[in-house]
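Residue 94 in numbering that gives the first Met the number 0 is what sits at position 95 of the sequence shown, and the numbering runs on without skipping anything. By construction, the Cβ of each residue, glycine as well, lies at the ideal position given by its N, Cα and C atoms. Predicted model only: the values in this text are computed from it and were never measured. As structure tokens, the structure follows; a few thoughts come after it.
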Amino acid sequence: MLSGLAVPPAYYALRRREMKRIFLLLAALAFCLAVTVQTSNAAPQAKDSSVDPVHEIGKRMKDPIVLKSSVSPLLNVTFNHNTHRSVPCRTCHHEEGSTGYYVSCSECHQNTEPRSEDVDSTFQAFHAKGSDRSCYGCHTKMAEARPADFPHFTNCRPCHMSEEARAAARAEARK
């Protein structure tokens, strides 16, 4: 009752429709706000160096890359990031570019002199003997720790292989 007067039933129906509209408007506003907050949280940001999702490798590097030798094409290395998916990215890519993404080896290791002892050389980046960051160092440690699992890490292969030799090795492994 309003001020002692009887309220017609149509009044309550009108109030109910108004309340329903207000509720739907507030629900739509809350949904839009939630989407906006979610989208702003998903915006690209500089990567947290403590977070290193392994699945990111597969997304970014689906195809193998060729690390070209400055000496001979026979020494080129086909590197497959997917094969190394259990190794955290920061093991090898220990520097990041200004965009927050990992940079290629040659961005920092620019000295291409063969068998150089310079730590900034591409040779040392891949062949430093006692380093966990170099291919040779890591493969040697793995072969020493688990020789049965990594018998092929005792020489320059499987890294330095021609495409034909690599295809033959894959075929042999499938048998």
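Going by other Cβ atoms of all chains shown within 10 Å of its Cβ, with 16 needed for buried, is residue i buried or exposed?
i, result
"TYR10", "exposed"
"TYR100", "exposed"
"THR98", "exposed"
"THR121", "buried"
"CYS158", "buried"
"GLN37", "exposed"
"HIS93", "exposed"
At the level of alpha carbons, what is the spacing between residue i and residue j?
i, j, result
"GLY136", "ALA33", "49 Å"
"PRO150", "MET141", "10 Å"
"ALA170", "LEU66", "23 Å"
"PRO146", "CYS91", "22 Å"
"PHE152", "HIS138", "6 Å"
"GLU112", "SER71", "12 Å"
"ARG84", "SER161", "23 Å"
"PRO8", "ALA29", "32 Å"
"SER48", "GLY96", "Note on SER48: pLDDT 48, under 50, position unreliable in the model; the coordinate value appears next. One C-alpha to the other measures close to 12 Å."
"SER115", "LYS174", "40 Å"
"ALA164", "ASP131", "27 Å"
Let me check one thing: in DSSP terms, what residues is residue i bridge-paired to?
i, result
"PHE78", "ILE64"
"ASN154", "ASN154 is not bridged to any residue."
"GLU95", "TYR101"
For the alpha helix (DSSP H) that residue i lies in, which residues bound it at each end?
i, result
"ALA170", "162-173"
"THR139", "134-144"
"ALA124", "121-126"
Starting from the Cα of residue i, find the closest Cα among the options and give me that residue.
i, options, result
"LEU119", "LYS128, GLY129, SER130, SER105", "For the sequence presented, residue 119 should be read as Asp rather than Leu. That would be SER105, whose Cα lies nearest to the Cα of ASP119."
"PHE78", "LEU13, HIS93, LYS61, ARG89", "LYS61"
"HIS126", "GLN109, ALA144, CYS155, VAL102", "CYS155"
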